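Student: Here the protein sequences come in this chain order: V and R.
Just so we're aligned, residue 1 is where the first sequence starts under this note's numbering, counting upward by one.
Just so we're aligned, residue 1001 is where the second sequence starts under this note's numbering, counting upward by one.
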Amino acid sequence: MESVQNAVRLEKLTKHFGNVVANNAISLELHEGEILSLLGENGSGKTTLMNMLSGIYYPDSGQIYIHGKPVTIASPKDAFAHGIGMIHQHYKLVDVFTATENIVLGLNEKGKLNLKEAGKKIKEISEKYGFEINPDQKIYDMSVSQKQTVEIIKVLYRGADILILDEPTAVLTPQETDKLFAVMRNMQKDGKSIIIITHKLHEVLEVSDRVAILRKGEYIGDVLTKDADQQSLTDMMVGHTVSLNINRPEPVNPTPRLEVKGLTVFDDLGVKRLDDVTFTAYSGEILGIAGIAGSGQRELLESISGLYPISKGEILYHNPKTGCDENLVGKDPMSIQKAGVSMAFVPEDRLGMGLVGSMGMTGNMMLRSWRNGKSFFVDKKAPEQLANTIWKELEVVTPSTNFPVRRMSGGNVQKVLVGREIAQNPAVLMTAYAVRGLDINTSYTIYNLLTAEKMKGVAVVYVGEDLDVLLELCDRLVVLCGGKVSGVVDARTTNKREVGVLMTRVGGNGNEQ
Amino acid sequence: MNSKKALFHISKRGELPWLKVWLIRGAAILLALLVCSVLTVLVTGLNPFAVYGTMFKGVFGTARKTWVTFQKLAVLLGISLAVTPAFKMRFWNIGAEGQVMVGSLACAAVMITLRNYISSNLLMIVLMLVASLAAGALWGFLPAFFKSRWNTNETLFTLMMNYIAIQLSAFFIILWENPKGAGQIGIINASSELGWLPSLFGQQYLLPILVIALLTVALYIYLKYSKHGYEIAVVGESERTARYAGIKVERVIIRTMVLSGAICGLIGFLLVGATDHTLTTTLVGGRGFTAVMVSWLAKFNPLGMIFTSFLLVFLQLGAKEIASTFFLNESFADILTGVILFFIIGCEFFINYKIEFLKNDRKGA
């Protein structure tokens, strides 16, 4: 007989993608009223497993039990019918609709659409669990965290009692994360069972009752959170002990390398994206750019790379090769790159603009070298070699250097991108979200690579999301808020709270909210 | 809670080994022939094998028919090659019809207007070639220029350019009509054969076939190994990425479309100079559109297009043959062609996706 206290029981779920085993006979239980953290490196199969539970993938073999009963989940609809709701990393909301409209969208209720009634029900749910939401607000007016709230209410509204949250904190400020966790605890008190996928170990320890660990598609085991600490979890996750301290040597002989003065840009719609941004990046240091997603980080890096139209301001670059000062404003991307300014931007979809998804590693290495040589034909040998080096040194998981990067897992795609940019031997290396969604082990590989560049005298600009990392990795932090610099702080002496406040304050003019 | 059971589940496949891919394609063709046989028996009462045999005879029955087949294959393949660089760049050039037409028009114009001033055959041919290439290139340049400058829709633009080309040709055909009042220009330079491309080994069609064969290899190399080919692939994937890599997107779009148009011009030149020696408004005869299908079916691989263009030419010529032999109207032949294409295109679904049938047994309950 089935044990009745399990909300979910997975029995030997297996899923292949081609020749790759994403999940190998994974058995897992989620108790009623429990918060379970699912932990694992990139490509360890967490998302695949959860996608099978929520009906996006169908398992090759194995059985799912919900509240003790064997079920077949062949579509997200089936999953909903069993009370399973998943909140994905990328929100699926209609921008021009209100929260209420989005929540009732796709519901197959009989009778007339009654938005008022729905709004009332949403208010009830919000009060019950402690959400802060205005049901009539349009999605495009909402912050990331508000959008997430809508997504969560959407599944609650549909009566889900088993919730799966896929990396919910990746885009939240520390304050917003605290709020989310409070809501999760309220839901737990109400008897909901929750699975949370996250890479941040301190969050795992803070919010969950039990941790289940996957490694390379295999189930490694579980541990009660009260018996675990960061070190033991990391060890279980990666299989061997890794150091958790980021090595941060003092900058050696820093000199100004890149001076941004009064940079102001507008987007297609005439909205000011950067407002009078001024800072200096020194050689031999890692300059962190902190800020809530969409505060102008992308525009800043693109402006420096020559990809964004600049309406005002100067970008002075002290070229170490020539010793001259150059103004980068008005130069084309190719000559900026040639001068030694390199950018690795990892966008949300991880491919976006740094990589060509349909090409393999070699083809993507060529993005930087295709123009080399006078020949009419492209040189494939050098990029092939570079691809092989990165493949080995960064332990990229791919069947061959010609395997389309689109089909690699996220972490591997990032290794390819960051590895290639570092291989250009830049004088200024800009990375944005270089460790987005990466597991601890891979993240450290990247931190070490960046620190090594810094020690070579490169001016590293690191745009990041995780404040803990920004504070441990960088030498100084520029905090952006709404396109303005709201503060420049020393990463060694500041703390999370101070940066968190700067991130949410309308910058510069002392306009406290 | 008991939800409705799905009977099957569709999911994307990983990469299939090439042997399996071709097994699926082979099975699709067999199935298509089977369905066609049943249709033939039901609709016409004829022996399907006799019909297939006739089709084959129509294509390879005599030496003359075989040459015609290869000539038609060469023309269709050539136009397909022409549209391919643009397609790889995700520039939907459906104006090949018009680009070939203006190439033919320019070629005929040189032959007609300069015949009293030039007596050297070689010089004449060179001028014809230059004029054809230039006209085709211009027809490719215009939509590309507007696309890169003002982001106009290339599909509509290239489509409309077809009609301009055809109407222009119609105008000049009346202007140059021969004899007067005939409404057509007849064989150009019929007695002097001035500007006619030479026959190789007594075969009129051999030269254009060789030209296209060379072009196929050249384009394959161009797309796969040249810097231009790399730029085209990156621009096709994402313009943002291309800019990031320092590629001048506007220039690549224009250059590629000029190339695309010029190759079409070359086909126009071959049509007038080597095979038809005349200009009619139906000279291209829809092959500018068939080429789109050829290119797609071969997934933009020039070598693959040899097979896909052969397939379409085979079906077309075979269909004509059975229509005349069995006194069927050509619609029946079109039905057979449609069925075969349906299966060939449809089987790609099974190459990219797999269908899992769900077992309905319930364990443990």
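For each residue, glycine too, the CB sits at the ideal point set by N, CA and C.
A quick note: this is a predicted structure, and the numbers were derived from the prediction, not measured.
1) My understanding is that Ser54 (chain V) touches Ile84 (chain V), with C-beta atoms under 8 Å, so please give their C-beta distance in whole angstroms.
2) Mapping DSSP to helix, strand and coil, what is Met366 (chain V)?
3) Please name the residues in the segment 1293 to 1306 of chain R whose beta-carbon is closer than 8 Å to at least one beta-carbon of chain V, in chain order.
4) So, is Phe1091 (chain R) buried or exposed, given that buried needs 16 or more other C-beta atoms within 10 angstroms?
5) Say whether chain R places a C-beta atom closer than 8 Å to the C-beta of Met430 (chain V).
6) Buried or exposed: where does Leu502 (chain V) fall if 16 or more other Cβ atoms within 10 Å of its Cβ makes it buried?
7) Given a limit of 9 Å on CB to CB distance, which residues of the segment 355 to 366 of chain V reach chain R?
8) Taking 8 Å as the CB-CB cut-off, is Val378 (chain V) touching chain R?
9) Going by DSSP in three states, Ile64 (chain V) sits in which element: helix, strand or coil?
10) Helix, strand or coil: how does DSSP classify Tyr1244 (chain R) here?
11) If I measure Cβ to Cβ from Asp468 (chain V) and keep anything under 8 Å in the same chain, skipping five residues before and after, which residues do I get?
12) Assuming Phe279 (chain V) is part of the beta strand (DSSP E), what are its boundary residues?
13) Counting Cβ pairs, one atom from each stretch, are 3 or more of them under 8 Å apart for the segment 174 to 188 of chain V and the segment 6 to 18 of chain V?
14) Against Met334 (chain V), what residues of chain R qualify as contacts under a CB-to-CB distance less than 7 Å, listed in chain order?
15) What's the C-alpha gap between Cys1036 (chain R) and Thr1337 (chain R)?
16) I believe Leu1122 (chain R) touches Val1110 (chain R) by the beta-carbon criterion, under 8 Å. Please report the beta-carbon distance rounded to the nearest angstrom.
17) Against Leu30 (chain V), what residues of chain R qualify as contacts under a CB-to-CB distance less than 7 Å, listed in chain order?
18) Is the CB of Lys1065 (chain R) under 8 Å away from at least one CB in chain V?
19) Let me confirm a value: Met187 (chain V) is counted as buried when at least 16 other C-beta atoms fall within 10 Å, else exposed. Which label applies?
20) According to DSSP, simplified to helix, strand and coil, what is Pro174 (chain V)?
21) Is the separation between the beta-carbon of Ile1029 (chain R) and that of Phe1310 (chain R) shorter than 8 Å?
22) Go ahead and label Gln1167 (chain R) buried or exposed: buried means 16 or more other beta carbons lie within 10 angstroms of its beta carbon, across all protein chains shown.
23) Kindly indicate the opening and closing residues of the alpha helix (DSSP H) around Thr1066 (chain R).
24) Counting only Cβ pairs nearer than 8 Å, list the residues of chain R close to Arg371 (chain V).
25) Does any residue of chain V bring its CB to less than 8 Å from the CB of Thr1241 (chain R)?
26) Round the Cβ separation of Ser295 (chain V) and Gly482 (chain V) to the nearest angstrom and send it over; I've been treating them as touching at under 8 Å.
27) What is the rounded straight-line gap between the Cα of His16 (chain V) and the Cα of Gly411 (chain V)?
28) Using the beta-carbon count (16 or more within 10 Å), is Gly191 (chain V) buried or exposed?
29) Among V:Glu151, V:Pro76 and V:Asp325, which has the Cα closest to the Cα of Thr98 (chain V)?
30) Would you say Tyr1220 (chain R) reaches chain V, if we count a Cβ-Cβ gap shorter than 8 Å as a contact?
31) Is Leu13 (chain V) close to chain R, meaning its C-beta is less than 8 Å from at least one C-beta of that chain?
32) Counting only beta-carbon atoms, is Val1110 (chain R) nearer than 8 Å to chain V?
33) Hey, quick one: how far does the alpha helix (DSSP H) through Gly1192 (chain R) stretch, first residue to last?
34) Which term fits Thr1216 (chain R), buried or exposed, when burial requires 16 or more other beta carbons within 10 angstroms of its beta carbon?
35) Less than 8 Å between C-beta atoms, sequence neighbours within five positions excluded: which residues of the same chain meet that for Asn6 (chain V)?
36) Near Leu105 (chain V), what residues of its chain come up, given a Cβ to Cβ distance below 8 Å and the 5 sequence neighbours on each side ignored?
Tutor: Answer, in terms of the structure:
1) So it is a contact: roughly 6 Å between Cβ atoms.
2) If DSSP states are grouped into helix, strand and coil, Met366 (chain V) belongs with the helices.
3) none
4) buried
5) No Cβ of chain R is located within less than 8 Å of the beta carbon of Met430 (chain V).
6) buried
7) Within the segment 355 to 366 of chain V, the residues whose Cβ lies closer than 9 Å to some Cβ of chain R are Leu355, Val356, Gly357, Ser358, Met359, Gly363 and Met366, listed in chain order.
8) Yes, contact with chain R.
9) The three-state secondary structure of Ile64 (chain V), taken from DSSP, is strand.
10) helix
11) Correct list, in chain order: Lys200, His202 and Lys496.
12) Lys272 to Tyr282
13) no
14) The contacting residues are Gly1246.
15) 9 Å
16) Val1110 (chain R) and Leu1122 (chain R) do not touch by the CB rule: their CB atoms are close to 13 Å apart, not below 8 Å.
17) Result: empty, since nearest Cβ-Cβ is about 18 Å, beyond 7 Å.
18) Chain V places no beta carbon closer than 8 Å to that of Lys1065 (chain R), leaving this residue out of the contacts.
19) With 16 or more Cβ atoms within 10 Å of its Cβ, Met187 (chain V) is classed as buried.
20) Pro174 (chain V): helix per DSSP, three-state reduction.
21) no
22) exposed
23) Ala1063 to Lys1088
24) Lys1227 and Gly1246
25) yes
26) 6 Å
27) 19 Å
28) exposed
29) Comparing alpha-carbon positions, the option among V:Glu151, V:Pro76 and V:Asp325 lying closest to Thr98 (chain V) turns out to be V:Glu151.
30) no
31) no
32) no
33) Note on residue identity: the sequence assigns Ser, not Gly, to residue 1192 (chain R). Ser1192 (chain R) -> no alpha helix (DSSP H), and no H or E assigned at all.
34) Thr1216 (chain R) should be labelled buried.
35) Excluding sequence neighbours, Asn6 (chain V) sits near Glu29, Leu30, His31, Glu32, Tyr65, His67 and Gly68.
36) Val94 and Phe97
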